[in-house]
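Trainee: The structure that follows is given in the form of structure tokens.
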Amino acid sequence: MSTQRKQFPFPEFEPRWQQEWLATGAFRAPNPGGTGFDPAKPKYYILDMFPYPSGDGLHVGHVEGYTATDILARFHRMRGFNVLHPMGWDAFGLPAEQFAIKTGQHPRATTARNIENFRRQLQAVGFSYDWDREVSTTDPAYFRWTQWIFLQLYNSWFNPASKKTEPISTYTGADPDSVRLAYVAEMPVNWCPQLGTVLANEEVVDGKSEVGGFPVERRPLRQWMLRITAFAERLIEGLDGLDWPEGIKLLQKNWIGRSEGALVEFAIESTGDGIEVFTTRPDTLFGATYMILAPEHPLVEKISTPAQAAAVAEYKTAVASKSDLARTDLAKEKTGVPTGAFATNPANGERIPVWIADYVLMGYGTGAIMAVPAHDERDFEFAKKFALPIREVVQPPSPTEACFAGEGTAINSSFLDGLPTAEAKRRMVAWLEEKNLGRGTVNYKLRDWLFSRQRYWGEPFPIVWESGRHRPVCESELPVVQPDLDDFKPTGTPEPPLSKARDWIRYSATAGRETNTMPQWAGSCWYYLRFCDPQNSNRFIGPEADHYWMGKNSRPGGVDLYVGGTEHAVLHLLYARFWHKALFDLGHLSTPEPFQRLVNQGMILGPDGQKMSKSRGNVVTPDSVIAEYGADSLRLYEMFMGPLEQMKPWSMKGVEGVYRFLARVWRLAMEENQEGEWVVSKDLAETPLSSAQLRTAHATIKKVTADIEALAFNTAISQMMVFTNEFVNAAPRPLEALRILLPLLSPFAPHLAEELWHRLGFPGRASTQPWPKHDESLLVENEIELPVQVNGKLRDRIVVPKAATKEEIEAAAQAAPKVREATAGLTVAKTIVVPGKLVNIVAK
RNA sequence: GCCGGCGUGGCGAAAUGGCAGACGCAAGGGACUUAAAAUCCCUUUCCGCGAAAGUGGAGUGCGGGUUCGAGUCCCGCCGCCGGCACCA
-11 MSTQRKQFPF PEFEPRWQQE WLATGAFRAP NPGGTGFDPA KPKYYILDMF PYPSGDGLHV
49 GHVEGYTATD ILARFHRMRG FNVLHPMGWD AFGLPAEQFA IKTGQHPRAT TARNIENFRR
109 QLQAVGFSYD WDREVSTTDP AYFRWTQWIF LQLYNSWFNP ASKKTEPIST YTGADPDSVR
169 LAYVAEMPVN WCPQLGTVLA NEEVVDGKSE VGGFPVERRP LRQWMLRITA FAERLIEGLD
229 GLDWPEGIKL LQKNWIGRSE GALVEFAIES TGDGIEVFTT RPDTLFGATY MILAPEHPLV
289 EKISTPAQAA AVAEYKTAVA SKSDLARTDL AKEKTGVPTG AFATNPANGE RIPVWIADYV
349 LMGYGTGAIM AVPAHDERDF EFAKKFALPI REVVQPPSPT EACFAGEGTA INSSFLDGLP
409 TAEAKRRMVA WLEEKNLGRG TVNYKLRDWL FSRQRYWGEP FPIVWESGRH RPVCESELPV
469 VQPDLDDFKP TGTPEPPLSK ARDWIRYSAT AGRETNTMPQ WAGSCWYYLR FCDPQNSNRF
529 IGPEADHYWM GKNSRPGGVD LYVGGTEHAV LHLLYARFWH KALFDLGHLS TPEPFQRLVN
589 QGMILGPDGQ KMSKSRGNVV TPDSVIAEYG ADSLRLYEMF MGPLEQMKPW SMKGVEGVYR
649 FLARVWRLAM EENQEGEWVV SKDLAETPLS SAQLRTAHAT IKKVTADIEA LAFNTAISQM
709 MVFTNEFVNA APRPLEALRI LLPLLSPFAP HLAEELWHRL GFPGRASTQP WPKHDESLLV
769 ENEIELPVQV NGKLRDRIVV PKAATKEEIE AAAQAAPKVR EATAGLTVAK TIVVPGKLVN
829 IVAK
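Printed below as a string of structure tokens:
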């Protein structure tokens, strides 16, 4: 195949048009105030999730989403929109740093090389990006603003009264550092002693290092955190106004994990300490027969009795050595030890034992629970194992065995008895609040965002330390660029690699720079904003560009359509929404949400139906497909495979199918002469379309238009195939057919459309034609064929005039020979006539 | 375990509650050709009957239901894929 003559000369014209588009700036989108900006045009911002430029290059999975957005971008341009369709690089990150460690090359060099390759590959597919807007997260001119945004977070707090981000100056408390959106805390990192390095979460698989499979420990280290938890409620509420798949919204909601319940205070008998627990079932308080603290709970030591101190200490050590995974997944059997202390159940004054157990997590709620074994599976399991008392306080609606965790009627609960669960909860919370023993509250699973990494290849923090205190550097000092290190190797301690750059760290005689760097998520949190105004050196985004492209209007989201994989359904999209909301509150942005509409493309599997991976050897690259079949075939096949959102396997035979279709389109216009050269077909003529051809043509305009709008690209393509099949044997062949088809095809197969438009001598370019409009009156037929069913079974067909009345249709249907046969000896009970669809005769 | 999504020919798939399988792949047959490739035409859900044009029945993972009519809506299962997973 590769040595054989191509069915149409795409290797010649595809690169030529790509160069032409680049050279003429065909897809440049002017900003308000810029040359060529037309304020009358509506804007359309269509965004891809930008890639990490890996050394392996693009694979066909990337190309799927990018093709879909490119079709929409081109379609909207043809419909008169000012289209923002940018591309850039999420280029900080581990692989580049690891490659640097291995080869000694600076990550900046390898990153630049990978970007070159990615850009070349994307341009070879003919994507209509506005390359003047290209950004890379690793560019100091870009991450200057990433650091600037960090300073905005550092210098603000979330005011619970206004439920908004405010400058830290509005905070009147004693310790502003305790409320900043960016703050410092001791948090555990993944430390791998064998590798002598900290690991990112993505480098830890099943509690072991991805490289080498060594055990990973959790070790506390001073870390930067972002207070995303303050936005939990806003992040849930904001989802309502967005056009996202319901599944993704649900994923985010579950991740945030809102639950309503109560905080209840239990007093420790011996020390008098109050320990708060969080419960979603305050109605079961009378059934709380013991208490459990997380092993890391700060009061564990204090309350433990001397007799239990050794056992408690031993248990704590055992738990600490377990990784998070060992602690959760592998711990099938419940474990724990008594502290020897007792607490008082505030509801009934009962004396209950206090245990520690690792099934209670320090990171959720208060790190302490009241155990109600009769109505909680975990507490039940624990109580059975350690022979702790179990008391039923909820009557199930129908008798059940063992532990009942559902809703029912309160029993054995004094003033709650007889109340349904919901009402009992309310009553108990009111009682607790009245007695000052607790209060209703809302809890979230969401944790604050651990924002520092012990890495070289990331954004340095614009922070210096002096006398053990942090402070921001001046905005004028941005960007803070990493020093050029020759040695990127881990330090062998949890200290970040930047700690080796002694000169760089020294900020003044008494102050030193922060040596952690930001995580890869940082740069991708706001890149969609920079695309709107990439060259602005005064602001991260200018207000005019923000108002125009992010579209200050009734909808909350700015980007009109955002397409990418589900793997970012939670983290990236949540982080970006968080930053956006903070910046919005501070008055830097005009919309409360970044992405109005989100679509997830499905994964493309290898030809073997397995996930594509190097180790399986089933990776298909766009380069190889383009070499054999051309960029247009690649694009068309990516879209023809099936619905965008669906997972589907690659098939080279399928590529050949669309390649043959494109060749047929080519031959609608071209034929080979004696010398084997392509010349405009002699069958072409300025001849009117037959009425059947007109109908097909206008049906095609209608369907392709509707299908693109619905992102149903596969069916749009089949309709264009139908069109082509209709005309391929027509002689003479109306030129008008190509005037209609080529603009429709242009978003899908832009090179071929451009080339044929040019060769046929039509004015302008296919890609800049106004989008064709269909004429509905040409679609109606004078006579229509209707299927006739008898008792729901197809029996015959009748042909009736378009304008036939129901009565006429009914009469014609009953007169049809097969229908008479089928209804012989039966009485017609009812006849359903659906105009334009069918007739159903119900007979008994 | 909980929460999502998906089950339609040999394969990728299509079908506002209204003719199931458009379009494409593959397979088989034919035309063109010295031959092949390419191209073009025809056939192809399954099971009967018929020499044939035809013709009868079944059929969208399984079992029920709603409806004149269900791939589509409802209830209950089964299978695959994805996410979360001791979250009190």
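Using the working numbering, you'd call the opening residue of the first sequence number -11 and step up by one each time.
Using N, Cα and C, we set each Cβ at its ideal position, and we do this for glycine too.
Three or more C-beta pairs closer than 8 Å, one from the stretch 327 to 345 and one from the stretch 274 to 293: is that the case here?
Mentor: The answer is yes - the stretch 274 to 293 touches the stretch 327 to 345, with three or more Cβ pairs under 8 Å.
Trainee: With burial defined as no fewer than 16 other Cβ atoms inside 10 Å of the residue's Cβ, what is the status of residue 2: buried or exposed?
Mentor: Translated into positions along the first sequence, residue 2 becomes position 14. The residue is buried, with at least 16 neighbouring Cβ atoms inside 10 Å.
Trainee: Count the other CB atoms within 10 Å of the CB of residue 569; is the residue buried (16 or more) or exposed (fewer)?
Mentor: As a position in the first sequence, residue 569 is number 581, starting the count at 1. The residue is buried, with at least 16 neighbouring Cβ atoms inside 10 Å.
Trainee: Taking only the alpha-carbon atoms, compute the straight-line gap between residue 344 and residue 291 and give it to the nearest angstrom.
Mentor: Stepping through the first sequence from its first residue, residue 344 is reached at position 356. Stepping through the first sequence from its first residue, residue 291 is reached at position 303. If you take the alpha carbons of residue 344 and residue 291, they lie about 11 Å apart.
Trainee: Quick check: the Cα distance between residue 26 and residue 38, rounded to an integer number of angstroms?
Mentor: Counted from its first residue, the first sequence places residue 26 at position 38. Counted from its first residue, the first sequence places residue 38 at position 50. The straight-line gap from Cα to Cα measures roughly 28 Å.
Trainee: Classify residue 48 as helix, strand or coil using the three-state DSSP reduction.
Mentor: Position 60 of the first sequence, counted from the first residue, corresponds to residue 48. In the structure shown, residue 48 sits in a helix (DSSP, three-state: H, G or I).
Trainee: Please return the same chain residues whose Cβ sits closer than 6 Å to the Cβ of residue 521, not counting the five positions on each side in sequence.
Mentor: In the first sequence, residue 521 corresponds to position 533, counting from 1. 529, 530, 533, listed in sequence order.
Trainee: Checking 8 Å against the spacing of the C-beta atoms, do residue 513 and residue 563 come in under that value?
Mentor: For this step, residue 513 is matched to residue 525 along the first sequence. For this step, residue 563 is matched to residue 575 along the first sequence. Against a cut-off of 8 Å, the Cβ pair of residue 563 and residue 513 comes out as a contact.
Trainee: Check this for me: beta carbons of residue 165 and residue 171, under 8 Å apart or not?
Mentor: Walking along the first sequence from the start, residue 165 turns up at place 177. Walking along the first sequence from the start, residue 171 turns up at place 183. Yes, Cβ-Cβ distance for residue 165 and residue 171 is below 8 Å.
Trainee: Closest to residue 518 by C-alpha separation, out of 460, 33, 5, -4, would be which residue?
Mentor: Mapped onto the first sequence, residue 518 falls at position 530. Nearest of 460, 33, 5, -4 to residue 518, Cα basis: 33.
Trainee: Any idea which residues DSSP pairs residue 673 with across the strands?
Mentor: Here residue 673 refers to the residue found at position 685 when the first sequence is read from its first residue. In the DSSP output, where bridge partners are listed per residue, residue 673 has 722.
Trainee: Please look up how many angstroms separate the CB atoms of residue 55 and residue 626, rounded, as I've assumed it's under 8 Å.
Mentor: On the first sequence, position 67 is the one that residue 55 refers to. On the first sequence, position 638 is the one that residue 626 refers to. That belief holds up - the Cβ atoms of residue 55 and residue 626 are roughly 5 Å apart, short of 8 Å.
Trainee: Check whether the Cβ atoms of residue 248 and residue 430 sit closer than 8 Å, and answer yes or no.
Mentor: Counting from one through the first sequence, the residue named residue 248 turns up at place 260. Counting from one through the first sequence, the residue named residue 430 turns up at place 442. Yes, the Cβ-Cβ distance between residue 248 and residue 430 is below 8 Å.
Trainee: Let's see if you can read the secondary structure: which residues bound the beta strand (DSSP E) around residue 849?
Mentor: For residue 849 there is no data in the structure shown, the boundaries of the chain being -11 and 832.
Trainee: How about residue 40 and residue 78: do their beta carbons lie closer than 8 Å?
Mentor: In the first sequence, counting from the first residue as 1, residue 40 sits at position 52. In the first sequence, counting from the first residue as 1, residue 78 sits at position 90. Contact: yes.
Trainee: Express the C-alpha separation of residue 660 and residue 722 in angstroms, rounding to a whole number.
Mentor: Residue numbering aside, residue 722 sits at position 734 when the first sequence is read from its first letter. Residue numbering aside, residue 660 sits at position 672 when the first sequence is read from its first letter. Straight-line Cα distance between these residues: approximately 19 Å.
Trainee: To which residues of the same chain is residue 495 closer than 6 Å at the C-beta, ignoring the five residues directly before and after it?
Mentor: Stepping through the first sequence from its first residue, residue 495 is reached at position 507. Same-chain partners within the cutoff: 452, 501.
Trainee: For the putative contact between residue 879 and residue 433, defined by C-beta atoms under 8 Å, what is the C-beta separation to the nearest angstrom?
Mentor: Here the chain comprises residues numbered -11 to 832, so residue 879 is not present and cannot be evaluated.
Trainee: Looking at residue 628: is its Cβ nearer than 8 Å to the Cβ of residue 646?
Mentor: As a position in the first sequence, residue 628 is number 640, starting the count at 1. As a position in the first sequence, residue 646 is number 658, starting the count at 1. Contact flag set, yes.
Trainee: Applying the criterion that 16 or more other CB atoms from any shown protein chain within 10 Å of the CB defines a buried residue, is residue 318 buried or exposed?
Mentor: As a working note, residue 318 is residue 330 in the first sequence. With a pLDDT of 47 at residue 318, under the threshold of 50, the predicted position of this residue should be treated as unreliable, though the coordinate-derived value follows. Exposed: under 16 other Cβ atoms inside 10 Å.
Trainee: Can you give me the Cβ contacts of residue 62 inside the same chain, cut-off strictly under 6 Å, excluding the 5 residues immediately before and after it?
Mentor: For the purposes of this step, residue 62 is taken as residue 74 along the first sequence, with counting starting at 1. Around residue 62: 116, 735.
Trainee: Hey, how far is the Cα of residue 356 from the Cα of residue 289?
Mentor: Start at 1 with the first residue of the first sequence, and residue 356 comes out as number 368. Start at 1 with the first residue of the first sequence, and residue 289 comes out as number 301. Their Cα atoms are separated by approximately 14 Å.
Trainee: Going by other Cβ atoms of all chains shown within 10 Å of its Cβ, with 16 needed for buried, is residue 269 buried or exposed?
Mentor: The residue you call residue 269 lines up with position 281 of the first sequence. So residue 269 counts as buried.
Trainee: What are the complete beta strand (DSSP E) segments, minimum 3 residues, inside the stretch 563 to 602?
Mentor: Counting only runs of 3 or more, we get 581 to 583, 586 to 588.
Trainee: Could you name the residues that DSSP lists as bridge partners for residue 173?
Mentor: Within the first sequence, numbered from 1, the residue matching residue 173 stands at position 185. Residue 173 pairs with 211.
Trainee: Could you give the DSSP three-state label for residue 370: helix, strand or coil?
Mentor: In the first sequence, counting from the first residue as 1, residue 370 sits at position 382. Helix at residue 370.
Trainee: Tell me the DSSP bridge mates of residue 833?
Mentor: Any answer about residue 833 is impossible in this case: the structure gives the chain only from -11 up to 832.
Trainee: Tell me the DSSP bridge mates of residue 358?
Mentor: Translated into the one-based positions of the first sequence, residue 358 becomes position 370. Residue 358 pairs with 279.
Trainee: Nearest to residue 127 by alpha carbon, out of 756, 469, 9?
Mentor: Taking the first residue of the first sequence as 1, we reach residue 127 at position 139. Cα-wise, what sits closest to residue 127 is 469.
Trainee: Using the Cβ count rule (16 or more neighbours within 10 Å means buried), how would you classify residue 653?
Mentor: Position 665 of the first sequence, counted from the start, is the residue given in the question as residue 653. By the 10 Å Cβ count, residue 653 comes out buried.
Trainee: Excluding sequence positions up to five away, which residues of its chain have a Cβ less than 6 Å from the Cβ of residue 179?
Mentor: Looking up residue 179 in the first sequence gives position 191. Excluding residues within five positions, the ones whose Cβ falls inside 6 Å are 186, 205, 207, 482.
Trainee: Straight-line CA distance for residue 819 to residue 798?
Mentor: Locating residue 819 in the first sequence gives position 831, counting from the first residue. Locating residue 798 in the first sequence gives position 810, counting from the first residue. For residue 819 and residue 798, the distance between alpha carbons rounds to 7 Å.
Trainee: Check whether the stretch 140 to 152 touches the stretch 86 to 103, taking contact to mean three or more Cβ pairs, one atom from each stretch, closer than 8 Å.
Mentor: Flag = no, the stretch 140 to 152 and the stretch 86 to 103 do not touch.
Trainee: Within 10 angstroms of the Cβ of residue 717, are there 16 or more other Cβ atoms? Answer buried if so, exposed if not.
Mentor: Working through the first sequence from its first residue, we reach residue 717 at position 729. Exposed, since its Cβ has fewer than 16 Cβ neighbours within 10 Å.
Trainee: By alpha-carbon positions, which one of 805, 686, 202, 712 ends up nearest to residue 761?
Mentor: Walking along the first sequence from the start, residue 761 turns up at place 773. Residue 686 is the option with its Cα nearest to residue 761.
Trainee: How big is the Cα-Cα spacing for residue 131 and residue 420?
Mentor: Counting from 1 along the first sequence, the entry for residue 131 is found at position 143. Counting from 1 along the first sequence, the entry for residue 420 is found at position 432. Those two C-alpha atoms are separated by around 51 Å.
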